[in-house]
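Single-structure report; data block below.
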Amino acid sequence: MTVRFQDVSVGEEIPSLSKVVQREEVQAYADASGDQNPLHQDDAFARSVGFPGIIAHGMFTLAHLTKALTDWLGDPSALLQLKVQFRAVVFMDETLVAKGRIDELDPATRQARLSVWAEVERAGERVLPIKNSTALVRLG
Amino acid sequence: MPLNPSLVGRRYQEVSCPVTREHVERFAEAIGERSPIFRDADAARAAGYADQVAPPTFVTVMQIMASAQVVLDQELGLDYSRVVHGEQEYEWRRPVVVGDVLTATPQIAGISARGPNEFLVIESQVHDASGETVVVARSTLLSRGTART
Numbered sequence: 258m259t260v261r262f263q264d265v266s267v268g269e270e271i272p273s274l275s276k277v278v279q280r281e282e283v284q285a286y287a288d289a290s291g292d293q294n295p296l297h298q299d300d301a302f303a304r305s306v307g308f309p310g311i312i313a314h315g316m317f318t319l320a321h322l323t324k325a326l327t328d329w330l331g332d333p334s335a336l337l338q339l340k341v342q343f344r345a346v347v348f349m350d351e352t353l354v355a356k357g358r359i360d361e362l363d364p365a366t367r368q369a370r371l372s373v374w375a376e377v378e379r380a381g382e383r384v385l386p387i388k389n390s391t392a393l394v395r396l397g
Numbered sequence: 109m110p111l112n113p114s115l116v117g118r119r120y121q122e123v124s125c126p127v128t129r130e131h132v133e134r135f136a137e138a139i140g141e142r143s144p145i146f147r148d149a150d151a152a153r154a155a156g157y158a159d160q161v162a163p164p165t166f167v168t169v170m171q172i173m174a175s176a177q178v179v180l181d182q183e184l185g186l187d188y189s190r191v192v193h194g195e196q197e198y199e200w201r202r203p204v205v206v207g208d209v210l211t212a213t214p215q216i217a218g219i220s221a222r223g224p225n226e227f228l229v230i231e232s233q234v235h236d237a238s239g240e241t242v243v244v245a246r247s248t249l250l251s252r253g254t255a256r257t
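As they're listed, the protein sequences go chains A and B.
Be aware that the first sequence starts at 258, since it is given in the working numbering, and climbs by one per residue.
Be aware that the second sequence starts at 109, since it is given in the working numbering, and climbs by one per residue.
Given below as structure tokens:
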């Protein structure tokens with residue numbers, strides 16, 4: 258069920274994946290990952306360091322981006338590398354959209370290199386919590 | 109206070125994580141992962157995996173344990189209130205499955221400065237019980253405003 262090398266082309270985008278970031282999920286992520294930083298749990302603490310409320314873990318956002326890749330690939334073993342930069346925070350109730358675009362295809366290895374990023378819309382602006390980031394995948 | 113650059117190469121105590129079904133369930137639920145191979149052992153086996161598959165970023169659990177040690181290292185001088193997660197890198201060799209026992213010996217792979225900020229790279233080579241590398245994780249923590257100016 259893996260995406261086949263001959264079925265994709267450079268410049269093509271993978272299906273985007275969106276979700277509304279919910280407080281309960283971020284709390285569950287803190288417990289499941291072990292990252293109990295109060296910045297992700299305690300609104301009063303988050304306000305004390307200049308945010309309007311708690312923010313999602315960078316790794317929470319990255320987990321969503323990774324899911325966009327594995328949903329597309331159909332096989333987690335086809336995901337070989339991921340290298341990301343966290344560039345903006347994500348607030349509760351924002352709609353997080355994970356995206357990717359094929360930049361290079363190598364017929365010798367049947368691997369693809371993608372640009373990947375995450376977007377939210379905030380006050381009419383497009384903000385990128387993850388940008389300048391790449392993934393390397395193996396296609397069938 | 110700048111970070112102590114002489115600590116590049118320092119290794120910390122081994123961290124270990126037995127990959128339990130309950131933990132994979134909780135992690136998958138928290139990230140909204142509902143694909144059967146991540147939620148159901150039979151579905152995963154039918155797809156050719158040894159057992160229920162952990163989502164690729166499950167190894168975050170080990171990075172959190174690793175960074176807890178690094179943050180507590182008095183010789184490094186990291187002020188955690190100034191730290192943000194700047195970059196993250198993974199090289200996966202195979203998917204993690206329930207029943208794996210993962211270990212890693214975190215290491216400081218780099219300390220550098222750019223403008224007012226410093227960048228601390230923590231590398232964890234994660235191995236399974238047979239000693240094979242499963243994934244290499246590199247976390248870059250950004251220490252805001254601590255560079256020598």
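Glycine included, each C-beta is placed from N, C-alpha and C at the ideal position.
What you are looking at is a predicted structure, and each value in this text was computed from that prediction instead of being measured.
First through last residue of the beta strand (DSSP E) which encompasses residue i
| i | result |
| --- | --- |
| residue 390(A) | 382 to 395 |
| residue 227(B) | 225 to 235 |
| residue 220(B) | 215 to 222 |
| residue 338(A) | 336 to 343 |
| residue 155(B) | Careful: residue 155(B) lies outside any beta strand (DSSP E) and carries neither H nor E. |
| residue 126(B) | 123 to 126 |
| residue 277(A) | 274 to 277 |
| residue 211(B) | 209 to 212 |
Within chain A, partners of residue i - CB distance below 7 Å
| i | result |
| --- | --- |
| residue 198(B) | 338, 339 |
| residue 169(B) | 290, 291 |
Nearest-angstrom Cα separation, counted from residue j out to residue i
| i | j | result |
| --- | --- | --- |
| residue 209(A) | residue 152(B) | No answer is possible for residue 209(A): the residues shown for chain A start at 258 and end at 397. |
| residue 203(B) | residue 143(B) | 15 Å |
| residue 264(A) | residue 308(A) | 44 Å |
| residue 276(A) | residue 148(B) | 23 Å |
| residue 260(A) | residue 332(A) | 9 Å |
| residue 243(B) | residue 236(B) | 9 Å |
| residue 158(B) | residue 241(B) | 17 Å |
| residue 380(A) | residue 161(B) | 39 Å |
| residue 257(A) | residue 322(A) | For chain A, the structure presents residues 258 to 397; residue 257(A) sits outside this window and is missing. |
| residue 266(A) | residue 362(A) | 8 Å |
Residue i in three-state terms, based on DSSP
| i | result |
| --- | --- |
| residue 188(B) | helix |
| residue 308(A) | coil |
| residue 291(A) | coil |
| residue 113(B) | helix |
| residue 175(B) | helix |
| residue 241(B) | strand |
| residue 118(B) | coil |
| residue 205(B) | strand |
| residue 259(A) | coil |
| residue 161(B) | strand |
| residue 250(B) | strand |
| residue 282(A) | helix |
Cβ-Cβ distance between residue i and residue j below 8 Å
| i | j | result |
| --- | --- | --- |
| residue 113(B) | residue 256(B) | no |
| residue 248(B) | residue 187(B) | no |
| residue 348(A) | residue 315(A) | no |
| residue 192(B) | residue 184(B) | no |
| residue 398(A) | residue 353(A) | Nothing about residue 398(A) can be reported from this structure: the residues present for chain A run from 258 to 397 only. |
| residue 174(B) | residue 126(B) | no |
| residue 137(B) | residue 325(A) | no |
| residue 197(B) | residue 339(A) | yes |
| residue 132(B) | residue 234(B) | no |
| residue 320(A) | residue 312(A) | no |
| residue 337(A) | residue 393(A) | yes |
Proximal residues of chain B, C-beta to C-beta of residue i below 9 Å
| i | result |
| --- | --- |
| residue 282(A) | 137, 138, 139, 140 |
| residue 315(A) | 192, 193, 194, 196 |
| residue 366(A) | What residue 366(A) touches in chain B: nothing, since even the nearest Cβ is about 15 Å away. |
Under 7 Å from the C-beta of residue i: neighbouring residues of chain B
| i | result |
| --- | --- |
| residue 333(A) | 161, 164, 203 |
| residue 327(A) | 164 |
| residue 352(A) | Neighbours of residue 352(A) on chain B: none; closest Cβ ~13 Å, over 7 Å. |
Neighbouring residues, chain B, relative to residue i (Cβ below 8 Å)
| i | result |
| --- | --- |
| residue 319(A) | 165, 196 |
| residue 276(A) | 140 |
| residue 343(A) | 192, 193, 194, 195, 196 |
Enclosing alpha helix (DSSP H) for residue i [first to last residue]
| i | result |
| --- | --- |
| residue 136(B) | 129 to 138 |
| residue 315(A) | 315 to 330 |
| residue 414(A) | Residue 414(A) lies beyond the stretch modelled for chain A, which goes from 258 to 397, so this question has no answer here. |
| residue 379(A) | From DSSP, residue 379(A) is part of no alpha helix (DSSP H) but of the beta strand (DSSP E) over 368 to 379. |
| residue 145(B) | 144 to 147 |
Closer than 9 Å at the beta carbon, the chain A residues around residue i
| i | result |
| --- | --- |
| residue 219(B) | By Cβ distance, chain A contributes nothing, its closest Cβ being about 18 Å from residue 219(B), past 9 Å. |
| residue 266(B) | No answer is possible for residue 266(B): the residues shown for chain B start at 109 and end at 257. |
Per-residue contacts from residue i into chain A (C-beta, under 8 Å)
| i | result |
| --- | --- |
| residue 134(B) | 285, 288, 289 |
| residue 172(B) | 290, 291, 292 |
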